[in-house]
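Asker: After the structure tokens below, expect a handful of questions from me.
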Amino acid sequence: MRVLIAEDDVLLRQGLALLLETEGFEVVGAAHDATTFHKLLEERSPDVAVVDIRLPPDYNDEGLRAAAQARQRFPGFPVLVLSAYVESGYATELISEAHGIGYLLKDRVGEVAEFIEALTRVARGGVALDPEVVSHLLGGRSRGDRLEALTPRELEVLGLMAEGHGNARICELLGLSTPAVGKHIGAIFDKLGLSPSDSGHRRVQAVLAYLNR
Amino acid sequence: MTVRAARRVASLKPSREQLVEALRAMATHTGYAVRVASGALLSWIVLCGLVLAHGMALLLVGLPLRRRLEATLDRNVAAELHRACRYLGLSAQSASRFSGGYWIKVGWSGVNAVIGLGIGLLVLVLATGIAVSFTCPLWWWLLPPELAVTPGGYPVDSWPSALLTPLVGLVYLALYVSLVPKAARGHARLARRMLLHADKNGLLSRITEVTASRQEALEAHGTELRRIERDLHDGTQSRLVAVHMHLGIIERLLTDDPQRARELIAVTKDAAEEALSELRGVVRSIYPPILADRGLTSAVKSLAARSAVPCTVEVGELGSLPTAVEAAAYFVVTESLTNAAKHAAATEIGIRIGAEDEALLITVTDDGHGGADENAGSGLAGIRRRVAAFDGQARITSPHGGPTTIEVRMPCVF
Numbered sequence: 001m002r003v004l005i006a007e008d009d010v011l012l013r014q015g016l017a018l019l020l021e022t023e024g025f026e027v028v029g030a031a032h033d034a035t036t037f038h039k040l041l042e043e044r045s046p047d048v049a050v051v052d053i054r055l056p057p058d059y060n061d062e063g064l065r066a067a068a069q070a071r072q073r074f075p076g077f078p079v080l081v082l083s084a085y086v087e088s089g090y091a092t093e094l095i096s097e098a099h100g101i102g103y104l105l106k107d108r109v110g111e112v113a114e115f116i117e118a119l120t121r122v123a124r125g126g127v128a129l130d131p132e133v134v135s136h137l138l139g140g141r142s143r144g145d146r147l148e149a150l151t152p153r154e155l156e157v158l159g160l161m162a163e164g165h166g167n168a169r170i171c172e173l174l175g176l177s178t179p180a181v182g183k184h185i186g187a188i189f190d191k192l193g194l195s196p197s198d199s200g201h202r203r204v205q206a207v208l209a210y211l212n213r
Numbered sequence: 001m002t003v004r005a006a007r008r009v010a011s012l013k014p015s016r017e018q019l020v021e022a023l024r025a026m027a028t029h030t031g032y033a034v035r036v037a038s039g040a041l042l043s044w045i046v047l048c049g050l051v052l053a054h055g056m057a058l059l060l061v062g063l064p065l066r067r068r069l070e071a072t073l074d075r076n077v078a079a080e081l082h083r084a085c086r087y088l089g090l091s092a093q094s095a096s097r098f099s100g101g102y103w104i105k106v107g108w109s110g111v112n113a114v115i116g117l118g119i120g121l122l123v124l125v126l127a128t129g130i131a132v133s134f135t136c137p138l139w140w141w142l143l144p145p146e147l148a149v150t151p152g153g154y155p156v157d158s159w160p161s162a163l164l165t166p167l168v169g170l171v172y173l174a175l176y177v178s179l180v181p182k183a184a185r186g187h188a189r190l191a192r193r194m195l196l197h198a199d200k201n202g203l204l205s206r207i208t209e210v211t212a213s214r215q216e217a218l219e220a221h222g223t224e225l226r227r228i229e230r231d232l233h234d235g236t237q238s239r240l241v242a243v244h245m246h247l248g249i250i251e252r253l254l255t256d257d258p259q260r261a262r263e264l265i266a267v268t269k270d271a272a273e274e275a276l277s278e279l280r281g282v283v284r285s286i287y288p289p290i291l292a293d294r295g296l297t298s299a300v301k302s303l304a305a306r307s308a309v310p311c312t313v314e315v316g317e318l319g320s321l322p323t324a325v326e327a328a329a330y331f332v333v334t335e336s337l338t339n340a341a342k343h344a345a346a347t348e349i350g351i352r353i354g355a356e357d358e359a360l361l362i363t364v365t366d367d368g369h370g371g372a373d374e375n376a377g378s379g380l381a382g383i384r385r386r387v388a389a390f391d392g393q394a395r396i397t398s399p400h401g402g403p404t405t406i407e408v409r410m411p412c413v414f
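Chains S and U supply the protein sequences, listed in that same order. Heads up: the first sequence at position 183 corresponds to 183 in the UniProt record's numbering, and the numbers run straight through without jumps. Heads up: the second sequence at position 154 corresponds to 154 in the UniProt record's numbering, and the numbers run straight through without jumps.
Following this line, the structure appears as structure tokens:
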């Protein structure tokens, strides 16, 4: 898989490239700012991009804007956005928009297996949402709503769904059987009043839309 | 009352000093009253001019005329307030607190035009009365009978009537002595009340100052928070993320490529060291540890010792200072030293720190080429902001050719 990187910090840029190459990805370019990123995007036709949210010259949300531009140029182009801090507003904005998007804390990169799993998921059109964002969305809710009707296990499953994991991965992560997870998901959708859908992007959207309501 | 005042002047026998003192006081009152009268005349002119200028606003000449008149109005009102404050024995500072708007000034000028002119007439009438009454025995016979003066209400046309007029003069004198100081003081008080709103407006302008200083404090604080956030996120945190990431790679490489893993350990160690040194830098910039350990005096001395340009330090008795003021003072000295070394090409710097009237005074002088520009991205604007946040003042003088002097005064009591 061909990856393009946009990260201004030299050490992180080189580290990311090294990590991806060690894991069998092909790093087709590493940009230090948005302009270079767009140039390389045109020239090298990568399959997926890993973009730092803060890029020169202003170090605000250039990465986010660069990602949006890239997706305007190449609709559905998968982008994994990395950030030093979590901002649920950014995250839900990104996710509600389309397929193949991820928003992770930079810290996750160190958990190589999980990071690679998330990147692969995004590259295939899935979603990867940082657990921190999800727990923010789940925990920051004070009004007594239907979430209270969920059992702890169902809350766990809901969180993993929001992060963008498919059924199989949820089974693996929680050590449950496929029918058991299916049952939990059914119960969650029932209690929250959502229409059940497949394990793809639509489901994440439904869950996030609910959490954001 | 007039009799009492007349007695005070005429029948009591005051000592020489008392007399001189009384004369001096009368001179002060008279001086104030005369100036008030001339100010009132100016008020008339300015007000009539403003009415005219408003009328001529449609013509092009109206506007420049109005501007000039408004400038005169400003000057006139400021001068009057100043005079009133001085006359009342208030500090010049209290006069400078005036922050009234255009209409307050116009309103005052209207009042002053009437009252001031009245006071002027009072002085003129009484003074003339005194002069005529006391001197007319000397010259009444020079006038033809139909032009006889009447200082006492009766024509002076015979010796008996002429010899009585000095008694009338005493009445005029008594009136003068009792009325002129009262009128002058009344005018000054009115000026103060109208222009400074007694103490209310003074309080108001003080509140304006405090609000501004609070605003500066918030801005300085905001800038500082943003800087710290940037330093921590883009510096320290980035380094730690790199450490974490490399450890992740090393973990994966350990079995397959231990040689490569070992190489990466060196990179990781460097990144960890950088993270630590950046963290130290951020902490130092928030609150220099040396301040916490040794206090401002030692901290400044150590700054001077480390300075690239030779530095002399004079520190007076400082007492205990608020922590925030200490940190700001340290910042001022650091920035001043950096500026002197970087922009002024100085070869010698003098630092003086002292306390006076519950304020901290810092003076940094260098012998560089001067011409420091506050707007050219130097640390000077930063100094001003930081000092203003504490309701303090920074004065920066830097003529071309030097020397540059930075004087800062920060109150230590809030």
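For glycine and all other residues, C-beta sits at the position ideal for the given N, C-alpha and C.
Taking 8 Å as the CB-CB cut-off, is Ala84/S touching chain U?
Answerer: The residue you call residue 84/S lines up with position 84 of the first sequence. Closer than 8 Å: yes.
Asker: Taking only the alpha-carbon atoms, compute the straight-line gap between Pro411/U and Asp391/U and give it to the nearest angstrom.
Answerer: Indexing the second sequence from 1 puts residue 411/U at position 411. Indexing the second sequence from 1 puts residue 391/U at position 391. Spanning the two alpha carbons is a distance of roughly 7 Å.
Asker: If you draw a straight line from the C-alpha of Arg54/S to the C-alpha of Arg306/U, how long is it?
Answerer: On the first sequence, position 54 is the one that residue 54/S refers to. On the second sequence, position 306 is the one that residue 306/U refers to. Near 36 Å, if we compare the C-alpha coordinates of Arg306/U and Arg54/S.
Asker: Would you call the stretch 154 to 168 of chain S in contact with the stretch 181 to 189 of chain S, where contact means no fewer than 3 C-beta pairs closer than 8 Å?
Answerer: At 8 Å Cβ cutoff, the stretches touch.
Asker: Using the beta-carbon of each residue, which ones in chain U are nearer than 8 Å to Thr120/S?
Answerer: Residue 120/S sits at position 120 when you count from the first residue of the first sequence. Result: empty, since nearest Cβ-Cβ is about 15 Å, beyond 8 Å.
Asker: Just mark Arg71/S as buried or exposed, buried being the case when its beta carbon has 16 or more other beta carbons within 10 Å.
Answerer: One-based indexing of the first sequence puts residue 71/S at position 71. By the 10 Å Cβ count, Arg71/S comes out buried.
Asker: Per the contact definition of three or more C-beta pairs closer than 8 Å, is the stretch 209 to 224 of chain U in contact with the stretch 235 to 249 of chain U?
Answerer: Short answer: they don't touch.
Asker: Straight-line CA distance for Gly39/U to Val77/U?
Answerer: For this step, residue 39/U is matched to residue 39 along the second sequence. For this step, residue 77/U is matched to residue 77 along the second sequence. Going by the C-alpha atoms only, they are around 9 Å apart.
Asker: Tell me whether the beta-carbon of Ala329/U lies closer than 8 Å to the beta-carbon of Asp366/U.
Answerer: For this step, residue 329/U is matched to residue 329 along the second sequence. For this step, residue 366/U is matched to residue 366 along the second sequence. Cβ atoms of Ala329/U and Asp366/U: not closer than 8 Å.
Asker: Can you list the residues of chain U that Val112/S reaches, using a CB-CB cut of under 9 Å?
Answerer: As a first step, residue 112/S is located in the first sequence; it is residue number 112 there, counting from the start. The contacting residues are Met245, Gly248, Ile249, Glu251, Arg252.
Asker: Taking the alpha carbon of Thr92/S as the reference point, which residue from Val27/S, Leu19/S, Tyr59/S, Val133/S has its own alpha carbon closest?
Answerer: Here residue 92/S refers to the residue found at position 92 when the first sequence is read from its first residue. It is Val133/S whose Cα lies nearest to the Cα of Thr92/S.
Asker: Count the other CB atoms within 10 Å of the CB of Pro46/S; is the residue buried (16 or more) or exposed (fewer)?
Answerer: As a first step, residue 46/S must be located in the first sequence, where it is residue number 46. So Pro46/S ends up on the buried side.
Asker: Assuming Leu20/S contacts Val3/S under a Cβ cut-off of 8 Å, what Cβ separation, rounded to an integer in Å, is found between them?
Answerer: Reading the first sequence from its first residue, position 20 is the one you call residue 20/S. Reading the first sequence from its first residue, position 3 is the one you call residue 3/S. Indeed, because the Cβ distance is near 5 Å, the residues count as touching under 8 Å.
Asker: Quick one: measure Cβ to Cβ for Val243/U and Ala271/U, integer angstroms, because I've assumed they're closer than 8 Å.
Answerer: Against the second sequence, residue 243/U aligns to sequence position 243. Against the second sequence, residue 271/U aligns to sequence position 271. Rounded, the Cβ-Cβ distance is 5 Å, consistent with contact.
Asker: Nearest CA to the CA of Gly186/U: which residue from Gly401/U, Glu273/U, Thr323/U, His29/U?
Answerer: Taking the first residue of the second sequence as position 1, residue 186/U is located at position 186. Checked all of Gly401/U, Glu273/U, Thr323/U, His29/U; the closest Cα to Gly186/U is His29/U.
Asker: Compare the beta carbon distance of Ile119/U and Ala183/U with 8 Å and say whether it is the shorter of the two.
Answerer: Translated into the one-based positions of the second sequence, residue 119/U becomes position 119. Translated into the one-based positions of the second sequence, residue 183/U becomes position 183. Against a cut-off of 8 Å, the Cβ pair of Ala183/U and Ile119/U comes out as a contact.
Asker: On a Cα-Cα basis, can you pick out the residue from Gly281/U, Glu356/U, Gly368/U, Pro258/U that is closest to His400/U?
Answerer: For the purposes of this step, residue 400/U is taken as residue 400 along the second sequence, with counting starting at 1. Here the closest residue by C-alpha is Gly368/U.
Asker: Indicate whether Arg13/S and His38/S have their beta-carbon atoms separated by less than 8 Å.
Answerer: As a first step, residue 13/S must be located in the first sequence, where it is residue number 13. As a first step, residue 38/S must be located in the first sequence, where it is residue number 38. For Arg13/S and His38/S, no; Cβs fall outside 8 Å.
Asker: Which residue or residues does DSSP assign as beta-bridge partners of Glu132/S?
Answerer: Taking the first residue of the first sequence as 1, we reach residue 132/S at position 132. The partner list for Glu132/S (beta bridge, DSSP) is empty, contrary to what the question assumes.
Asker: Could you give the residue range of the alpha helix (DSSP H) that holds Cys136/U?
Answerer: Sequence index remark: in the second sequence, residue 136/U carries index 136 (1-based). Note, Cys136/U: alpha helix (DSSP H), 102 to 139.
Asker: Under 7 Å between beta-carbons, which chain U residues line up against Thr22/S? List them in chain order, please.
Answerer: For the purposes of this step, residue 22/S is taken as residue 22 along the first sequence, with counting starting at 1. In chain order: Ile249, Arg252, Leu253.
Asker: With the cut-off set at 8 Å, would you say Glu348/U and Val387/U are in Cβ contact?
Answerer: Walking along the second sequence from the start, residue 348/U turns up at place 348. Walking along the second sequence from the start, residue 387/U turns up at place 387. No, they are not a contact pair.
Asker: Quick check for students: name the residue ranges of the beta strand (DSSP E) that lie wholly in the stretch 320 to 354 of chain U, counting only runs of 3 or more.
Answerer: Counting whole runs of 3 or more residues, the stretch 320 to 354 of chain U contains no beta strand (DSSP E) stretch at all.
Asker: Would you list, in chain order, the members of the stretch 229 to 242 of chain U that have their beta-carbon closer than 8 Å to a beta-carbon of chain S?
Answerer: Answer in chain order: Arg230, His233, Asp234, Gln237, Ser238, Arg239, Val241, Ala242.
Asker: If the cut is a Cβ gap below 8 Å, which residues of chain S does residue 435/U touch?
Answerer: Only positions 1 to 414 of chain U appear in the structure, and residue 435/U is not among them; the question remains open.
Asker: Have a look at Arg409/U, Gln393/U, Gly316/U and flag the residue whose alpha-carbon is nearest the alpha-carbon of Ala212/U.
Answerer: In the second sequence, the residue the question calls residue 212/U occupies position 212. That would be Gln393/U, whose Cα lies nearest to the Cα of Ala212/U.
Asker: Applying the 10 Å Cβ sphere with the 16-neighbour rule, what's the burial state of Tyr87/U?
Answerer: Counting from one through the second sequence, the residue named residue 87/U turns up at place 87. Buried.
Asker: Under the three-state reduction of DSSP, which class applies to Met56/U: helix, strand or coil?
Answerer: On the second sequence, residue 56/U is found 56 positions in, with the first residue counted as 1. Helix.
Asker: Can you list, in chain order, the residues of the stretch 48 to 59 of chain S whose Cβ is nearer than 9 Å to any Cβ on chain U?
Answerer: Answer set for the stretch 48 to 59 of chain S: Arg54, Tyr59.
Asker: From Glu263/U to Leu150/S, what distance separates their C-alpha atoms?
Answerer: Numbered from 1 along the second sequence, position 263 holds the residue referred to as residue 263/U. Numbered from 1 along the first sequence, position 150 holds the residue referred to as residue 150/S. Spanning the two alpha carbons is a distance of roughly 49 Å.
Asker: Which ranges would you report for the alpha helix (DSSP H) in the UniProt domain "Response regulatory" (2 to 121) of chain S if only whole runs of at least 4 residues count?
Answerer: List check, alpha helix (DSSP H) in window: 10 to 22, 34 to 44, 62 to 73, 88 to 97.
Asker: Quick test of your reading: Gly402/U and Ala344/U, contact by CB under 8 Å. State the CB separation rounded to the nearest angstrom.
Answerer: If you number the second sequence from 1, residue 402/U lands on position 402. If you number the second sequence from 1, residue 344/U lands on position 344. Gly402/U to Ala344/U, Cβ: 7 Å. Contact.
Asker: Where does Thr72/U fall in DSSP's three states?
Answerer: Looking up residue 72/U in the second sequence gives position 72. Helix.
Asker: Determine whether the Cβ of Ser107/S lies closer than 8 Å to any Cβ atom of chain U.
Answerer: Taking the first sequence and counting its residues from 1, one reaches residue 107/S at position 107. Here the sequence assigns Asp to residue 107/S, which means Ser is not the residue at that position. By this cut-off, Asp107/S is an interface position.
Asker: Here's a check: name, in chain order, each residue in its chain whose Cβ is nearer than 8 Å to the Cβ of Leu50/U, leaving out the five neighbours to either side.
Answerer: The count along the second sequence starts at 1 and reaches residue 50/U at position 50. Correct list, in chain order: Arg66, Leu69, Glu70, Leu73, Val106.
Asker: Can you name the residues of chain U whose CB is closer than 9 Å to the CB of Leu19/S?
Answerer: Looking up residue 19/S in the first sequence gives position 19. Simply Met245, His246, Gly248, Ile249, Arg252.
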